[in-house]
Every structure is written in C-alpha cells, then in structure tokens.
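Peer 1:
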Amino acid sequence: IMSKFYGESEQKLRQTFEDAEKNAPSIIFIDELDSIAPKRAEVTGEVERRVVAQLLALMDGLAGRGQVIVIGATNRPDDVDEALRRPGRFDREITIGVPDKKGRLEILQIHTRAMPLEEDLQLERLASVTHGFVGADLAALAREAAMHALRRALPHVDPETGDIPADVLQDLYVTQADFDMALSEISPSALREVLVEKPNVHWNDVGGLAKVKMQLREAVEAPLKHPEVFDETGIRAPKGVLLFGPPGTGKTLLAKAVATESEANFISVRGPEIFNKYVGESEKAVREIFKKARQTAPCVLFFDEIDAIMTARGQRDDTGVSQRIVNQFLAEMDGMQALQGVLVIGATNRADIVDPAVLRPGRFDSVVFVPPPEVEARKEILKVHTRDMPLTDDINIEKLAEMTEGYSGADIEGLCREAAMAAVREDWKAKPVSMKDFESAMEEIRPSISEEDLKRYQGQAELVKRRKPRKDAEILPGYM
C-alpha cells in the first residue's frame with residue numbers, strides 16, 4: 001500500500017476497496033495494520049497521516065458498499081490509531097492468545113502427521129514443555145527436529161546423484177532426541193523481544209542454602225509444578241518472592257535454579273534497564289514485560305536489582321518517574337488480569353529502601369534472606385566449584401571451608417578459579433590444584449563481607465520483618 005510518490009498510497013487503498021465492492025461479498029484483509037495506520041500523534045511523516053485519514057473515510061463509507069468486511073491483524077494493537085478502533089469502523093477486537101496444552105498438542109499432531117516418528121516419541125510430553133509457543137513456533141520446532149533427523153542421513157548421500165539410499169530412508173525416524181535438540185534452538189516468539197534465558201542450573205549446582213532452597217521450593221516450584229493441588233485445596237499460590245542479602249550470595253543462581261526445576265520460562269530484567277527518559281515509556285516497559293510473562297506462562301519473571309525501580313516513594317526526586325514505575329508495578333501485581341502461572345522474583349541487597357507497599361500479602365508474599373554461607377555451606381560450595389578440577393591429595397575441603405570465613409558464594413567461585421590459574425601459571429601446563437595454590441589464591445581473592453556488613457544486612461532483615469504485615473502466603477507444608 002505505502003508508496004514514496006505523493007497520493008499513490010491513498011490511490012492504492014481506494015482501489016482495493018473499489019475492487020472489493022465489485023467482487024462483493026468479499027473480505028479485505030489488512031495484515032500488519034499498525035504499519036499503515038499508526039497513531040497520527042506519534043508519526044512525523046505526512047504520508048502516514050494521509051493514509052490513516054483515507055482509511056477512516058473508506059471505513060465510514062462501508063455501509064454503502066454492500067457485503068464488504070474489513071479484517072485487520074496486528075500484534076501491536078496499542079500502536080493503531082485510536083480513531084480506527086471505535087464502533088462503526090473496527091467494531092470488534094478479537095484477541096488470539098497463545099495456545100494451551102491441548103491446543104499445542106493438536107498443532108504438533110498437524111505438523112508431524114507426515115513425519116516418520118519414533119514409536120516411543122510422546123507428543124503429549126512435548127506439548128507440556130512448550131509453554132508460550134504459538135503455531136508458527138511449533139511448526140518451526142517440528143521442521144527443525146526433522147532437519148536433525150535428516151542430518152543423520154547425510155553421510156549416506158550418493159556424491160554423484162545426491163540421492164539417499166532407500167534402505168537408509170526407510171530406517172530414518174524423527175526421535176525424541178531430535179525434538180530435544182530442536183527445543184534448545186527454538187524459543188517462543190513472544191519472548192524474543194525480551195531478555196529470555198533457558199537456564200540450566202539445578203539445585204545441586206547451588207551449594208549450601210538448604211533452608212532458602214526449601215522456602216523457594218514451597219513458594220515457587222510447588223505452585224508452578226502442581227497448580228491442581230493448590231486449586232483443589234483452596235491454597236492461594238504466592239505471586240512474588242523477594243530475595244535479599246549481601247552481593248554474591250547466590251540470589252540470581254537461586255532464581256535460575258527455580259526456573260529450571262519448575263520447567264518454567266525465565267525472563268530476566270535488570271532494574272535500571274526499565275528507566276526511559278521519555279514520559280510514560282518506563283511504565284509501558286513494565287506493562288510489556290508482565291504481558292510477555294502472562295503469554296508464556298508458566299514463567300518466572302526475575303527482577304535483578306529491584307531496589308532500582310521499587311525505591312520507597314518519596315525518597316527520590318526524579319520528576320516522578322520512580323513513583324509511576326512503582327504504581328505500575330503494583331497495578332500489574334494486583335491487576336484484573338490474574339498472574340496465573342507467573343511468579344515474580346525480585347533480588348536486592350538493599351531491602352531497606354524497597355517500597356513497603358511491595359511487601360504486603362498479594363504482592364511479594366515471601367521475603368527470603370539469603371545469608372552469607374556458613375562453614376557447612378562453604379564446604380558444599382567448594383565441592384561444587386572443584387568437582388571438575390584435578391586436585392592433589394593434600395586438598396582438605398574442610399580446612400578450606402574454615403579458612404574462607406566471610407567469603408560469599410561468588411568469592412569462593414573466584415577463589416577456586418584463581419587457584420586453578422595459580423596451578424598452571426608457572427609453565428601453562430595442566431596440573432592438579434594443590435592446597436598451596438588455594439593459599440596463594442587467598443592472597444588475591446579477599447572476603448567481600450565484613451562483620452560490619454553482616455550486621456547491617458541482619459538489621460535490614462529485622463527492619464523488613466517489622467514492615468511486612470504478618471500474613472505470609474500459605475504454602476504446602478513439607479514440600480520437598
């Protein structure tokens with residue numbers, strides 16, 4: 001429709017409507033409606049304004065055109081000019097949502113019906129793990145799985161004719177492994193506009209923190225993996241969990257482990273990234289993030305450095321942007337659109353400046369203090385970070401755990417890395433890591449948490465407890 005020549009875009013539009021009238025009954029389908037009918041107040045080009053005005057005039061004249069229906073399609077309805085969305089023009093707005101498990105199964109059956117599938121391939125399992133996938137994503141998934149199967153036959157291709165022998169084709173099947181490989185490469189379309197990760201972090205990758213893990217499994221993993229239990233028993237699943245504690249204690253790692261173990265999508269947002277210099281854009285970013293999370297449920301929505309956007313209202317003077325972001329965030333948590341299958345996790349090392357309204361029941365129901373590791377936890381963390389290292393016989397994990405008082409999980413990871421570097425630095429040949437290497441590394445890597453820091457964080461924990469109303473979310477007792 002759009003043309004660089006003056007008046008040609010409007011002429012093409014008029015011609016389309018005239019052709020539809022001549023061939024009535026007919027349907028005019030306008031794909032990507034937002035590209036030819038954007039909000040006139042937000043565009044600088046004269047062409048776009050003229051096209052919108054022409055489309056409005058043509059829509060108003062439809063009554064005299066007989067049986068002509070106009071259908072528009074867009075994935076950005078908020079960018080379409082408001083005048084088109086009133087009754088008499090586009091009278092109805094139909095949202096085509098993301099398919100549920102049953103819908104995904106039917107779509108997978110359609111796209112695999114002509115494929116030679118392995119007997120034990122379970123499409124039901126694929127349907128249950130492709131949360132947030134739309135029809136095009138599932139079609140791409142099936143196509144990619146078939147390509148993986150075909151690549152196994154490539155070594156048998158006749159170099160002269162390019163043909164694959166019939167016996168090879170006869171024994172070629174698309175397997176579960178092919179679909180698993182395809183799943184690692186294909187992600188839901190709705191998540192491509194936001195920072196999405198497929199974390200591969202499990203509980204055994206997080207050393208120590210047994211009590212914190214238990215709290216997260218009850219508050220997060222249980223509701224996402226067993227929603228029917230919560231529905232049947234009338235237990236309200238938590239909407240949010242706030243992790244706070246010193247830097248480097250494993251808050252981000254815990255959030256990734258939760259997402260992996262609960263088989264949920266994982267959207268990661270850094271607090272400072274929300275801010276935008278244009279009025280209203282920061283709040284729009286918050287709305288879009290929550291919208292994506294709802295579309296791809298079950299989903300863990302992780303806000304790192306949440307104190308940057310959830311600072312207590314009145315503490316900052318930045319033209320009201322922070323206050324509007326907090327208000328929008330609270331509106332999303334309380335919203336008319338339920339956060340079904342979405343759990344919000346926030347991480348901060350400044351819980352004392354987070355707005356108190358965020359901590360009330362129905363928002364961040366659980367507030368979990370992630371403490372620096374104690375000696376037993378440090379022992380587990382050391383085992384995690386040295387399990388793939390060649391070690392000499394003189395390595396004493398118990399002694400190292402005692403020597404690393406005040407070290408956070410990140411400090412210990414850095415210590416192990418520096419010890420390995422110390423072992424190879426002399427002649428750059430692979431060697432087992434010795435106790436001497438760890439002692440050398442401890443001179444470079446110092447503990448990041450002092451006694452004064454620990455007292456300050458414990459004081460924050462007490463402050464948060466006093467602020468938070470005493471009505472925690474109900475959780476499944478003893479879920480493990």
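Going by the numbering used here, 334 is the number at position 334 of the sequence shown; the sequence numbering is gapless. All C-beta atoms, glycine included, are put in the ideal place defined by N, C-alpha and C.
Could you say if the stretch 203-212 and the stretch 224-240 meet the contact criterion of at least three C-beta pairs nearer than 8 Å?
Peer 2: Touching, no.
Peer 1: Find out if the Cβ-Cβ distance for the pair valine 354, isoleucine 306 is shorter than 8 Å.
Peer 2: Against a cut-off of 8 Å, the Cβ pair of isoleucine 306 and valine 354 comes out as a contact.
Peer 1: Under 8 Å by Cβ, that's how I've got valine 342 and cysteine 299 pegged, so tell me the actual separation to the nearest angstrom.
Peer 2: Indeed, because the Cβ distance is near 5 Å, the residues count as touching under 8 Å.
Peer 1: Quick one: residues in its chain with C-beta nearer than 7 Å to the C-beta of phenylalanine 369, no 5 flanking neighbours on either side, listed in chain order?
Peer 2: Phe244, Gly245, Ala461, listed in sequence order.
Peer 1: Cutting at 6 Å between CB atoms, please list the residues of its own chain near lysine 39, excluding the five before and the five after it.
Peer 2: Cβ within range, chain order: Asp81.
Peer 1: Around the Cβ of histidine 131, are there at least 16 other Cβ atoms within 10 angstroms (buried) or fewer (exposed)?
Peer 2: Classification of histidine 131: buried, given that the 10 Å Cβ count is 16 or more.
Peer 1: At what residues does the alpha helix (DSSP H) containing phenylalanine 230 begin and finish?
Peer 2: Phenylalanine 230 -> alpha helix (DSSP H) spans 227-233.
Peer 1: Name the two residues that bound the continuous alpha helix (DSSP H) containing arginine 387.
Peer 2: No alpha helix (DSSP H) holds arginine 387; DSSP gives it neither H nor E.
Peer 1: Going by DSSP, what residue range makes up the beta strand (DSSP E) through asparagine 265?
Peer 2: Start and end: 265-270.
Peer 1: If lysine 510 sits next to arginine 363, beta carbons under 8 Å apart, how far is it from one beta carbon to the other, in whole angstroms?
Peer 2: Because the chain is modelled from 1 through 480, residue 510 falls outside the range shown and cannot be assessed.
Peer 1: When you compare only the Cα positions, how much space is there between arginine 294 and arginine 76?
Peer 2: Rounded to whole angstroms, arginine 294 to arginine 76 spans 16 Å at the Cα level.
Peer 1: In terms of residue numbering, what span does the beta strand (DSSP E) encompassing threonine 175 cover?
Peer 2: Run containing threonine 175: none; DSSP gives neither H nor E here.
Peer 1: Here's a check: name, in chain order, each residue in its chain whose Cβ is nearer than 6 Å to the Cβ of glutamate 380, leaving out the five neighbours to either side.
Peer 2: Around glutamate 380: Gly207, Gly208.
Peer 1: Would you say valine 168 and alanine 153 are within 8 Å of each other, going by their C-beta atoms?
Peer 2: A contact, by the Cβ cut-off of 8 Å.
Peer 1: Taking only the alpha-carbon atoms, compute the straight-line gap between proline 188 and aspartate 137 and give it to the nearest angstrom.
Peer 2: Cα to Cα, the separation comes out at about 6 Å.
Peer 1: Do glycine 88 and leucine 33 come within 8 Å of each other at the CB atom, strictly closer than that value?
Peer 2: No. Outside cutoff.
Peer 1: Got a sec? Which residues, its chain only, sit under 8 Å from glycine 135 by beta carbon, not counting five neighbours each side?
Peer 2: Pro99, Ile107.
Peer 1: How would you write the range of the alpha helix (DSSP H) that leucine 108 sits in, first residue to last?
Peer 2: Segment 101-112, the alpha helix (DSSP H) holding leucine 108.
Peer 1: Please report the distance separating the alpha-carbon of glutamate 21 from that of isoleucine 28.
Peer 2: Near 10 Å, if we compare the C-alpha coordinates of isoleucine 28 and glutamate 21.
Peer 1: Looking only at its own chain, which residues have a Cβ that is under 8 Å from the Cβ of arginine 14, when we skip the five neighbours before and after it?
Peer 2: Once the five neighbours on either side are set aside, the close Cβ partners of arginine 14 are Gln54, Leu58.
Peer 1: Can you grab the Cα-Cα spacing for the pair alanine 41 / glutamate 281, in whole Å?
Peer 2: Between alanine 41 and glutamate 281, the C-alpha separation is close to 16 Å.
Peer 1: Just curious, the alpha helix (DSSP H) that valine 47 is in, first and last residue?
Peer 2: From DSSP, the alpha helix (DSSP H) with valine 47 extends over 46-60.
Peer 1: From the DSSP output, in three-state form, read off phenylalanine 275 for me.
Peer 2: Phenylalanine 275: coil per DSSP, three-state reduction.
Peer 1: Beta strand (DSSP E) containing threonine 252: first to last residue?
Peer 2: Careful: threonine 252 lies outside any beta strand (DSSP E), inside the alpha helix (DSSP H) at 251-261.
Peer 1: Give a yes or no on whether the C-beta atoms belonging to aspartate 411 and proline 371 are separated by under 8 Å.
Peer 2: Against a cut-off of 8 Å, the Cβ pair of proline 371 and aspartate 411 comes out as no contact.
Peer 1: Which ranges does the alpha helix (DSSP H) cover as unbroken runs of at least 4 residues, wholly within the stretch 339-424, from first to last along the chain?
Peer 2: With a minimum length of 4 residues, the continuous alpha helix (DSSP H) runs that stay inside the stretch 339-424 are 375-386, 397-403.
Peer 1: Terminal residues of the continuous alpha helix (DSSP H) containing phenylalanine 290?
Peer 2: Per DSSP, phenylalanine 290 belongs to the alpha helix (DSSP H) from 281-295.
Peer 1: Report yes if the CB atom of serine 262 is closer than 8 Å to the CB atom of glutamate 221, and no otherwise.
Peer 2: The answer is yes: Cβ separation under 8 Å.
Peer 1: In the DSSP output, what is aspartate 129 paired with across the bridge?
Peer 2: Here residue 129 turns out to be valine, not aspartate, going by the sequence shown. Partner(s): none; valine 129 has no beta bridge.
Peer 1: For the stretch 117-161, list the alpha helix (DSSP H) runs that are entirely contained and at least 4 residues long, ordered along the chain.
Peer 2: Counting only runs of 4 or more, we get 123-129, 135-153.
Peer 1: Tell me the DSSP bridge mates of aspartate 304?
Peer 2: Looking at the DSSP assignment, aspartate 304 forms a beta bridge with Arg270.
Peer 1: Let me know if serine 322 comes out buried or exposed under the rule of 16 or more other beta-carbons within 10 Å of its beta-carbon.
Peer 2: Under this definition serine 322 is a buried residue.
Peer 1: Check for me: the alpha helix (DSSP H) holding leucine 209 runs from which residue to which?
Peer 2: No alpha helix (DSSP H) contains leucine 209, which DSSP labels as neither H nor E.
Peer 1: Thinking C-alpha only, which one of Arg324, Val367, Gly97, Thr161 is nearest lysine 251?
Peer 2: Comparing Cα positions, the closest option is Val367.
Peer 1: Spell out the partners DSSP gives valine 241 in its beta bridges.
Peer 2: In DSSP, valine 241 forms a bridge with Ile345, Ser366.
Peer 1: With aspartate 388 and alanine 347 assumed to form a contact (beta carbons below 8 Å), what rounded beta-carbon distance in angstroms separates them?
Peer 2: The Cβ separation is near 27 Å, so there is no contact.
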